[in-house]
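See structure below.
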Ligand code: SF4
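In the working numbering, the protein residues as written are 0 to 102.
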C-alpha cells in the first residue's frame, strides 16, 4: 500500500468531528469517563455525512483504536471476524463438488 494513499482521505475534512475534541474519539481516560466520551463521539458520528467512508477506512486499515464511523474497536474486531468466517464459509461452499459432477 502506498503511504500516500493512507493519508489521501479527503473525506476527513468533511467529518462531523473536525472541530470536536479528539479525546472523545480516542479516550485516554478509563472506566466511566471513557465510556461517556465514546458515547459522545458516537453521537457525533451518527450525524456525520462521511460515516460510511470513515468506517470503510478503519476496516481497510485495521484501525484497532478509537471511534471510527460510529463504531468501537470491539465492534470492528467482531465485524472482521464475522467477515472472515463468511469468506471461509463461502470458500468451503465453492470447493464442494455438486452431486453428479464428480469425475
Ligand atoms: S464518522 Fe465519526 S469519526 Fe468518522 S469522520 Fe465522521 S464524525 Fe469523524
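In this text, a Cβ means the ideal position worked out from N, Cα and C, and glycines have one as well.
Quick check on the burial criterion: 16 or more other C-beta atoms within 10 angstroms. Buried or exposed for residue i?
i, result
"residue 26", "buried"
"residue 60", "exposed"
"residue 17", "exposed"
"residue 32", "exposed"
"residue 76", "exposed"
"residue 46", "exposed"
"residue 92", "exposed"
"residue 106", "Lying outside 0 to 102, the shown extent of the chain, residue 106 is not represented and no answer is given."
"residue 40", "buried"
"residue 30", "exposed"
When you compare only the Cα positions, how much space is there between residue i and residue j?
i, j, result
"residue 1", "residue 9", "For residue 1, the pLDDT reaches just 43, beneath the cut-off of 50, and the residue's location in the model is therefore unreliable, although a value from the coordinates is still provided. If I take the Cα positions, the gap works out to 16 Å."
"residue 79", "residue 56", "13 Å"
Got a sec, what are the start and stop residues for the alpha helix (DSSP H) residue i sits in?
i, result
"residue 24", "21-24"
Taking only heavy atoms of the ligand FAD into account, decide whether any of them is closer than 8 Å to the Cβ of residue i.
i, result
"residue 50", "What this structure holds is the ligand SF4, not the ligand FAD."
Give a single yes or no on whether residue i has its beta carbon closer than 8 Å to a heavy atom of the ligand SF4.
i, result
"residue 63", "no"
"residue 37", "no"
**OP:** Output the residue ranges of the alpha helix (DSSP H) runs that lie fully inside the region 27-75 and measure 4 residues or longer, sorted by chain position.
**Re:** 31-45 and 50-59
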